[in-house]
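Visitor: If you're matching positions, the sequence shown starts at 1 in the UniProt record's numbering and goes up one per residue.
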Amino acid sequence: MAILSRVDVVSKLQNYRDALRSSKLILEEVHAILNKEENRDIRIKSQLDSESEILENNFNFDLLNTESIFHINQIKKICIDYRLRFLSTTYFKGDFPQKTINKIKLIETQHQIQIKGYRIIAPSKLFKLKNADDPLLFAPIGNNYFYLIDKWGKDLHPLRKYLMLPFKNLRNLILLVLLLSLLVTSLLPIRLFTTNPDKATFWLLYMFVFKMIGSIVIFYGFALGKNFNHAIWNSKYFNA
Numbered sequence: 001m002a003i004l005s006r007v008d009v010v011s012k013l014q015n016y017r018d019a020l021r022s023s024k025l026i027l028e029e030v031h032a033i034l035n036k037e038e039n040r041d042i043r044i045k046s047q048l049d050s051e052s053e054i055l056e057n058n059f060n061f062d063l064l065n066t067e068s069i070f071h072i073n074q075i076k077k078i079c080i081d082y083r084l085r086f087l088s089t090t091y092f093k094g095d096f097p098q099k100t101i102n103k104i105k106l107i108e109t110q111h112q113i114q115i116k117g118y119r120i121i122a123p124s125k126l127f128k129l130k131n132a133d134d135p136l137l138f139a140p141i142g143n144n145y146f147y148l149i150d151k152w153g154k155d156l157h158p159l160r161k162y163l164m165l166p167f168k169n170l171r172n173l174i175l176l177v178l179l180l181s182l183l184v185t186s187l188l189p190i191r192l193f194t195t196n197p198d199k200a201t202f203w204l205l206y207m208f209v210f211k212m213i214g215s216i217v218i219f220y221g222f223a224l225g226k227n228f229n230h231a232i233w234n235s236k237y238f239n240a
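This is the structure:
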């Protein structure tokens, strides 16, 4: 009895052929999956860049995280307090991270939908220039409620709310001008203007400084078309 069996060349050729076919099929399947994912990425990015009047997506509410659901009034308040805007993603000039695209794909797969009508919260400058300050991506779920999909970038500065207070309304702006005028007047050497400084001289100088600073603020506001927070939070216009 032979210790080693003879090699059947035809059988070996067939084995090589089948192995090659199997590898080719695997490569084709991987390529098909990658193409499918790439096409999904392209579709999602296209929808993010397109303005949509969609007010509702057919989410499965049993799968939603309630901590990520916000009403339009809550969104409006945070935008006014921090001088942010809440607009369609078509006006957003920053880049959407790949992790955000992946999160959208995951949510779409879980809910068996294609999300449309994206909205984003971000500082005004992000709708004109690329930046990285804390954008928040939302999708509408109906009845003026929005679902937070993702956030990225840096958090807002802890003092931003207070720094933006003068722009919240006219009363705050006038108060700032009054206080700033008082500070500037206190720092001015009154003896340069009179040899006998008194309270009347101080307040006269104060009124002059107030008018000067007020004129600068008014000129700045009108020249650059600036407006108060409540008027711009959902405005798509550059000079709002």
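C-beta: ideal position from N, C-alpha, C; glycine also.
Given the structure is predicted, the values throughout are model-derived calculations rather than measurements.
Mapping DSSP to helix, strand and coil, what is residue 117?
Guide: coil
Visitor: Taking C-alpha atoms, which residue in 110, 96, 30 lies nearest to residue 65?
Guide: Minimum Cα distance to residue 65 is reached at 110.
Visitor: Considering Cα atoms alone, identify which of 200, 191, 196, 214 is closest to residue 176.
Guide: Ranking the options by Cα distance to residue 176, first place goes to 214.
Visitor: May I ask you to report which of helix, strand or coil DSSP gives residue 104?
Guide: Residue state, collapsed to three classes: helix.
Visitor: Around the Cβ of residue 142, are there at least 16 other Cβ atoms within 10 angstroms (buried) or fewer (exposed)?
Guide: Label assigned to residue 142: exposed.
Visitor: Taking C-beta to C-beta, are residue 69 and residue 100 nearer than 9 Å?
Guide: no
Visitor: Quick check on DSSP: helix, strand or coil for residue 150?
Guide: strand
Visitor: Nearest-angstrom Cα distance between residue 164 and residue 28?
Guide: So the alpha carbons of these two residues sit roughly 56 Å apart.
Visitor: For residue 122, count neighbouring C-beta atoms within 10 Å of its own C-beta (all shown protein chains included) and say buried if the count is 16 or more, exposed if not.
Guide: buried
Visitor: Count the C-beta pairs between the region 41 to 49 and the region 71 to 87 that are closer than 8 Å, then say yes if the count reaches three, no if not.
Guide: no
Visitor: Kindly indicate the opening and closing residues of the beta strand (DSSP E) around residue 88.
Guide: 84 to 88 is the span of the beta strand (DSSP E), which, as asked, contains residue 88.
Visitor: In whole angstroms, give me the CA-to-CA distance for residue 232 and residue 145.
Guide: 20 Å
Visitor: Would you report the Cα separation of residue 207 and residue 199, rounded to the nearest angstrom?
Guide: 12 Å
Visitor: In the DSSP assignment, find the unbroken beta strand (DSSP E) run with residue 69 in it and report its ends.
Guide: 69 to 71
Visitor: Just checking: is the beta-carbon of residue 124 within a distance shorter than 9 Å of some beta-carbon in chain B?
Guide: Protein chain content of the structure displayed is limited to a single chain, and chain B is not contained in it.
Visitor: Which residues mark the beginning and the end of the alpha helix (DSSP H) in which residue 141 is found?
Guide: It is not in any alpha helix (DSSP H) - residue 141 instead sits in the beta strand (DSSP E) that spans 136 to 142.
Visitor: For residue 135 versus residue 113, is the C-beta distance shorter than 9 Å?
Guide: no
Visitor: Can you tell me whether residue 258 is buried or exposed, with buried defined as 16 or more other CB within 10 angstroms of its CB?
Guide: With the chain covering only 1 through 240, there is no way to say anything about residue 258.
Visitor: For the alpha helix (DSSP H) that contains residue 181, what are its first and last residues?
Guide: 170 to 187
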